[in-house]
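Read top to bottom, the protein sequences are chains E and P.
Using the working numbering, the letters of the first sequence map in sequence onto residues 1076 to 1383.
Using the working numbering, the letters of the second sequence map in sequence onto residues 28 to 329.
Glycine included, C-beta positions come from ideal geometry on N, C-alpha and C.
Everything on this sheet refers to the single structure shown next.
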Amino acid sequence: MRYAVQRLLQAVPVFVATTFLIYAMVWALPGDPILALAGDKPLPENVLQALREHYHLNDPLIVQYGLYMAGVFLRGDLGETFTGQPVSELLADRWSITAQLAVTAWVFELVVGIGLGVLAALRRGRLADTAVLAGTTFVIAVPVFVVGYTAQIVLGLNLGLFPTAGTDEGWPGSYLLPGMVLGSFGLAYVARLTRTSVVENLRADYVRTATAKGMRRSRVIGRHTLRNSLIPMVTYLGVDFGNLMAGAVVTEGIFNLPGIGQQVFQSIQLQEGPVVVGVTTLLVMIFILANLLVDLLYGVLDPRIRRG
Amino acid sequence: MVDLKAAVESAAPEPETSRQVRGSLWHDAWLELRGRVLFWISVAILLVACAMAAFPSLFARFGPNEQCNLRMSKKGPGAGALFGYDLQGCDYWSQIVHGTRASVLIGVAVTVFALLIAIVLGLLGGYYGGTLDAIIARVTDVFFGIPFVLGATVVLVAFPGHGIWAMTSVLVLLGWTTMTRLMRGQVIAVRDADYVQAARALGAGDLRIMVRHILPNSLAPVFVVAMLNVGNVISGEATLDYLGVGLQYPQVSWGLQLNVAQSFFAAYPHLLVFPAMFLTATVLSFLLLGDVVRDALDPKLR
């Protein structure tokens, strides 16, 4: 319990500092959003002033940030765009698309990654192991957008196995291929981590003891080895869920999925500060929360951490 | 380029000068590496990539964006142009060769700076502990929490008109945390070792203990991660170029070529395939080099 509270208290300043940094960076974007809003016709000076007041643009940055965070936590209000639309409303439709994409990718990583890792570890030094090692290194080396375009052309266009773009078929049809592309990088890491971890644990004394007691191999692997080997995976998969949300920027662009990633990328280029701040704040929250959960879970799974 | 040389040479001459002991960790690693085929393949590819980055005119027929003919736009490989032509009708082979410099330079520079930050902060935080360590750890957490693509995009859009060095700074800013965490952990692991106590008992100062005793014994895993990191940085830089927020025309880079290719790749696959091939080969070589060096440095695997 003391560990949990301590960990929670550490997360608070990190959250404040990270979001403030992002807030400050976004407001350093060039151009005056109020003038951009006005378009070609110049606005009268008093309207400009009133708008600046309304969006708190005349206050110092730290005050703006404080007001914004108060809004987020007290009212669940992510601010509004300069055209008056609430950011949360803008994101409401898009949110589920990114979440479905990220969950698809995450499950793919988890199942296939751990499966390949265990397979490679049990067949260490043989063909299957070499194939998994070579394949995962290759996947890590190819940039995600090249994987995306190649998969889209070969599996989508030429072979017709998956829809090439859009969300017409809903889940899972439209999300399988983008999910696999998004998850491919993480999958390679999970497979390699699992392999290393299982290989190390197979040499551990308790595995030798279990085998010596005459336990069946499947039970030795399933009950003893895997249980201990998967602890490091919890860390990676937790942290990676946050990464997947952010990595969706590229994948959503390739497969034309109208999710958060596409929205935030457009907003950065159009210099729509409120949307960028809103989304990144949410992402950082998810990321820090995932990290926190992982650390707590880690403490439960491995008592040495908690008492250390 | 610097890093590559270091990667190849540090294995051999460094132990002789610093410790005069045969059979040190790095010397053993070198003996092991000498016999690995993968090691020599990746070193060979990286030497070619570095040569292309340093002296592109030795490989390319034309200078960057030179001798372009719009009538040849997007023509596939054929006589006179091994790799075909790009959108502007420039010889694609020459363009790709000139694109090497941005990737290799940024990858190596970012990693060298990030490694220096990691060594300094890791040593200070891990060795002294206490408040200093807590502050360093929290600052690391803050930067670790910024999503890479989004964070880089925001900074790069905020400061337009950036070149290779601005890209390097942004990537260092977002990429120094992993190695710093690892370095700190390594330093803590060896901080209380007997040889450190012995050095202290003999009256060695903090600086001497850190540089001469702790650093050489904690660097190996960080060094391996640094090598893998070069590959990841090159890949990340290409992603930013591809998204259109990284380097801009008239600069030449693989990421930019892939950015152009995205609209035409279905009809003109060579636009996508060739830069992707060069990019993948370079990234892969850094990753493989990191992998074989890690295996060679890990005594548990012998």
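- For Pro1161(E), DSSP records a beta bridge to Glu1155(E).
- Residue state for Gly105(P) is assigned as strand, using DSSP reduced to three classes.
- Linking Asn1233(E) to Leu1312(E) through their CA atoms gives a straight-line distance of about 33 angstroms.
- In the DSSP assignment, Asp118(P) forms a beta bridge with Tyr112(P).
- Neighbours of Phe89(P) in chain E, taken as residues whose beta carbon is under 8 angstroms from its own, are absent, since the nearest beta carbon is some 26 angstroms off.
- Of all residues in the segment 201-229 of chain P, none places a beta-carbon less than 7 angstroms from a beta-carbon of chain E.
- Counting only Cβ-Cβ distances below 8 angstroms, Pro1238(E) has no contacts in chain P at all, with the closest Cβ about 15 angstroms away.
- Under the 8 angstroms criterion on CB atoms, Gly1322(E) is classed as interfacial with respect to chain P.
- For Val124(P), same chain residues with a beta-carbon under 7 angstroms away, outside a window of 5 residues either side, are Met79, Pro83, Phe86, Ala87 in chain order.
- Scanning the segment 1316-1377 of chain E from its first residue to its last, the whole alpha helix (DSSP H) runs of 4-plus residues come out as 1335-1344, 1348-1376.
- When Thr1211(E), Met1290(E), Ile1097(E) are compared, the shortest CA-CA separation from Leu1357(E) is found for Ile1097(E).
- By alpha-carbon distance to Val1091(E), the top candidate from Ile1329(E), Glu1275(E), Val1147(E), Tyr1373(E) is Val1147(E).
- Nothing from the segment 1254-1271 of chain E brings a Cβ to less than 7 angstroms from some Cβ of chain P.
- Shown in chain order are the members of the segment 1344-1372 of chain E whose Cβ falls below 7 angstroms from a Cβ of chain P: Gln1344, Val1351, Thr1355, Leu1358, Val1359, Phe1362, Ile1363.
- When Cβ pairs closer than 8 angstroms are counted between the two stretches, the segment 318-326 of chain P is seen not to touch the segment 294-301 of chain P, the count staying below three.
- At a Cβ-Cβ threshold of 8 angstroms, Val1186(E) and Ala1195(E) do not count as neighbours.
- With respect to chain P, the C-beta atom of Val1089(E) has a partner C-beta closer than 8 angstroms.
- Of the other Cβ atoms in all chains shown, 16 or more fall within 10 Å of the Cβ of Val135(P); this residue is therefore buried.
- Note on geometry: alpha-carbon atoms of Ser1293(E) and Trp1170(E) lie some 42 angstroms from one another.
- Linking Tyr1143(E) to Thr1093(E) through their CA atoms gives a straight-line distance of about 14 angstroms.
- Considering only beta carbons, no part of the segment 1167-1187 of chain E lies closer than 7 angstroms to chain P.
- By the CB criterion at 8 angstroms, Leu255(P) and Thr1212(E) fall outside the cutoff.
- Among the residues facing chain P, Ile1215(E) is included, as its CB has a counterpart in that chain under 8 angstroms away.
- Interface annotation, Gly156(P): not in contact with chain E, CB-CB separation never under 8 angstroms.
- Not one beta carbon of chain P lies nearer than 8 angstroms to the beta carbon of Met1144(E).
- The beta carbon of Ser280(P) lies closer than 7 angstroms to those of Gly126, Ala129, Ser130, Asp268, Leu274 in the same chain, with the five residues before and after it left out.
- Membership of Met210(P) in the alpha helix (DSSP H) is indicated by the continuous run 204-218.
- Residues of the segment 1276-1310 of chain E that bring their beta carbon within less than 8 angstroms of a beta carbon in chain P are absent altogether.
- Against chain E, the CB of Ala293(P) has a partner CB under 8 angstroms away; the residue lies at that interface.
- Of all alpha-carbon atoms in Arg1298(E), Met1308(E), Phe1362(E), Phe1330(E), the one lying nearest the alpha-carbon of Gly1188(E) is that of Met1308(E).
- Contacts with chain P at 8 angstroms (Cβ-Cβ) do not include Phe1316(E).
- Contact of Pro1135(E) with chain P by beta-carbon distance below 9 angstroms is absent, the smallest such distance being about 19 angstroms.
- For Cys77(P), the enclosing alpha helix (DSSP H) stretches over residues 64-81.
- About 7 angstroms separates the beta carbon of Leu285(P) from that of Val1221(E), a gap short enough to meet the 8 angstroms contact definition.
- Contact annotation, Met210(P) with Ser245(P): C-beta distance approximately 7 angstroms; criterion of less than 8 angstroms satisfied.
- DSSP, read as helix, strand or coil, puts Met1290(E) in coil.
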